[in-house]
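Note sheet for the following structure.
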Amino acid sequence: MFEGVHHVAYVVNDMEDAIRIFRDVFELPLSDRRVLEGKSSVEIATFQSGATLIELMRPINHPQLMQFLEEHGPGLHHVAFAMRDISRGIDELRNKSVYVGTPFVAPTGWKIAYFDFEKSSLDLLQSCHHGDHLAESGTPD
(Lines of atoms letter the chains of each structure in order from A and count residues from 1; the text may use other names and numbers.)
(Lines give C-alpha, C1' and ligand atoms only; values in the text may rest on other atoms or scores of the structure.)
Protein backbone atom coordinates (compact mmCIF):
# COMPACT_ATOMS: atom_id res chain seq x y z
CA MET A 1 0.00 0.00 0.00
CA PHE A 2 2.57 2.62 1.07
CA GLU A 3 5.54 3.09 -1.23
CA GLY A 4 7.58 4.65 1.52
CA VAL A 5 7.76 8.01 3.22
CA HIS A 6 6.94 10.93 0.92
CA HIS A 7 8.14 13.59 3.34
CA VAL A 8 8.96 14.31 6.95
CA ALA A 9 8.05 17.82 8.11
CA TYR A 10 9.62 19.90 10.86
CA VAL A 11 8.31 23.20 12.22
CA VAL A 12 11.11 25.69 12.79
CA ASN A 13 11.32 29.22 14.14
CA ASP A 14 14.69 30.05 12.54
CA MET A 15 14.76 29.01 8.88
CA GLU A 16 18.36 30.11 8.28
CA ASP A 17 19.67 27.99 11.14
CA ALA A 18 17.53 24.99 10.15
CA ILE A 19 18.74 25.21 6.53
CA ARG A 20 22.34 25.45 7.74
CA ILE A 21 21.92 22.27 9.79
CA PHE A 22 20.33 20.19 7.03
CA ARG A 23 22.59 21.55 4.26
CA ASP A 24 25.95 21.94 6.00
CA VAL A 25 25.83 19.43 8.84
CA PHE A 26 23.68 16.67 7.29
CA GLU A 27 24.95 17.46 3.75
CA LEU A 28 21.52 17.30 2.12
CA PRO A 29 20.90 19.33 -1.03
CA LEU A 30 18.40 22.17 -0.71
CA SER A 31 15.72 21.42 -3.32
CA ASP A 32 13.37 24.36 -2.88
CA ARG A 33 12.75 27.39 -0.72
CA ARG A 34 9.70 29.62 -0.99
CA VAL A 35 6.87 31.34 0.81
CA LEU A 36 3.42 29.81 0.39
CA GLU A 37 0.65 32.37 0.77
CA GLY A 38 -3.09 31.95 0.99
CA LYS A 39 -5.40 31.94 4.01
CA SER A 40 -2.21 31.48 6.00
CA SER A 41 1.44 31.99 5.13
CA VAL A 42 4.39 29.71 5.71
CA GLU A 43 7.97 29.66 4.49
CA ILE A 44 9.12 26.22 3.40
CA ALA A 45 12.44 24.69 2.48
CA THR A 46 12.81 21.15 1.19
CA PHE A 47 15.76 18.79 1.07
CA GLN A 48 16.08 15.50 -0.79
CA SER A 49 17.21 12.52 1.29
CA GLY A 50 17.09 9.48 -0.96
CA ALA A 51 13.47 9.02 -2.05
CA THR A 52 12.20 11.06 0.92
CA LEU A 53 11.81 14.82 1.17
CA ILE A 54 12.57 16.71 4.36
CA GLU A 55 10.27 19.73 4.66
CA LEU A 56 11.04 22.65 6.96
CA MET A 57 8.10 24.93 7.74
CA ARG A 58 8.40 28.35 9.37
CA PRO A 59 5.03 29.94 10.11
CA ILE A 60 4.64 33.54 9.02
CA ASN A 61 0.88 33.84 9.51
CA HIS A 62 -0.24 30.28 10.18
CA PRO A 63 -2.16 29.92 13.46
CA GLN A 64 -1.87 26.11 13.77
CA LEU A 65 1.89 26.06 13.18
CA MET A 66 2.40 29.07 15.45
CA GLN A 67 0.46 27.28 18.18
CA PHE A 68 2.56 24.16 17.62
CA LEU A 69 5.75 26.21 18.13
CA GLU A 70 4.36 27.83 21.28
CA GLU A 71 3.30 24.50 22.80
CA HIS A 72 6.12 22.20 21.64
CA GLY A 73 8.94 24.34 20.30
CA PRO A 74 10.66 23.50 17.00
CA GLY A 75 10.60 19.89 15.95
CA LEU A 76 8.97 17.04 14.10
CA HIS A 77 5.45 17.92 12.98
CA HIS A 78 4.26 15.14 10.68
CA VAL A 79 5.11 12.26 8.37
CA ALA A 80 3.47 11.81 4.96
CA PHE A 81 3.31 8.31 3.51
CA ALA A 82 3.68 7.94 -0.26
CA MET A 83 1.07 6.18 -2.38
CA ARG A 84 1.10 5.93 -6.16
CA ASP A 85 -2.72 6.11 -6.43
CA ILE A 86 -4.02 8.05 -3.46
CA SER A 87 -7.70 7.58 -4.35
CA ARG A 88 -7.36 3.80 -4.49
CA GLY A 89 -5.27 3.83 -1.31
CA ILE A 90 -7.92 5.85 0.52
CA ASP A 91 -10.56 3.32 -0.52
CA GLU A 92 -8.37 0.46 0.76
CA LEU A 93 -7.77 2.22 4.08
CA ARG A 94 -11.45 3.07 4.52
CA ASN A 95 -12.29 -0.60 3.91
CA LYS A 96 -10.03 -1.32 6.89
CA SER A 97 -11.92 1.22 9.05
CA VAL A 98 -9.21 3.87 8.79
CA TYR A 99 -10.79 7.28 8.29
CA VAL A 100 -9.01 9.41 5.70
CA GLY A 101 -10.27 12.81 4.62
CA THR A 102 -10.98 13.97 1.09
CA PRO A 103 -7.80 14.40 -0.96
CA PHE A 104 -6.84 17.90 -2.08
CA VAL A 105 -3.87 19.65 -3.67
CA ALA A 106 -1.84 21.44 -0.99
CA PRO A 107 -0.11 24.79 -1.66
CA THR A 108 3.09 22.79 -2.22
CA GLY A 109 1.44 21.12 -5.23
CA TRP A 110 1.31 17.75 -3.47
CA LYS A 111 -1.97 15.83 -3.55
CA ILE A 112 -2.64 14.89 0.06
CA ALA A 113 -5.30 13.51 2.41
CA TYR A 114 -5.22 13.66 6.20
CA PHE A 115 -5.72 10.73 8.54
CA ASP A 116 -8.23 11.09 11.37
CA PHE A 117 -6.71 8.90 14.06
CA GLU A 118 -9.47 9.52 16.61
CA LYS A 119 -12.22 8.37 14.25
CA SER A 120 -10.07 5.44 13.15
CA SER A 121 -9.33 4.15 16.67
CA LEU A 122 -5.62 3.99 15.92
CA ASP A 123 -4.64 4.61 19.54
CA LEU A 124 -0.98 3.80 18.92
CA LEU A 125 -0.69 6.81 16.61
CA GLN A 126 -3.09 9.29 18.24
CA SER A 127 -0.73 10.80 20.77
CA CYS A 128 2.25 11.27 18.48
CA HIS A 129 0.86 12.91 15.33
CA HIS A 130 0.29 16.52 14.38
CA GLY A 131 -1.17 16.04 10.92
CA ASP A 132 0.17 12.78 9.49
CA HIS A 133 -1.22 12.22 6.04
CA LEU A 134 -0.91 10.52 2.69
CA ALA A 135 0.81 12.14 -0.29
CA GLU A 136 0.52 10.89 -3.84
CA SER A 137 3.95 9.97 -5.19
CA GLY A 138 4.93 11.44 -8.52
CA THR A 139 3.11 14.73 -7.86
CA PRO A 140 4.92 18.04 -8.33
CA ASP A 141 7.25 19.05 -5.56
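Here the sequence shown is numbered in my numbering, starting from 23 and rising by one per residue.
Every residue, glycine too, gets a C-beta built ideally from N, C-alpha and C.
Three or more beta-carbon pairs separated by less than 8 Å are not found between the region 48-59 and the region 92-109, which leaves the two stretches without contact. The secondary-structure analysis by DSSP pairs Pro81 across a beta bridge with Val64.
Under a 10 Å Cβ-count criterion, Glu158 is classified as buried, with 16 or more other Cβ atoms of the shown protein chains found around its own Cβ. Counting only runs of at least 3 residues, the region 91-146 fully encloses the following beta strand (DSSP E) elements, listed from N- to C-terminal order: 97-105 and 133-136. Secondary structure note for Arg56: its beta strand (DSSP E) is the uninterrupted segment Leu52 to Leu58. Between the region 111-122 and the region 52-70, the count of C-beta pairs closer than 8 Å stays below three; the two stretches do not touch.
Between the region 39-47 and the region 116-129 there are fewer than three C-beta pairs closer than 8 Å, too few to call the two in contact.
If the five residues before and after Gly60 are omitted, its C-beta is found closer than 8 Å to the C-beta atoms of Pro129, all from its own chain and listed in chain order. Between Ile108 and Ala135, the C-beta spacing is below 9 Å. The alpha carbon of Ser63 has as its nearest neighbour, out of His84, Ala104 and Ile76, the alpha carbon of His84.
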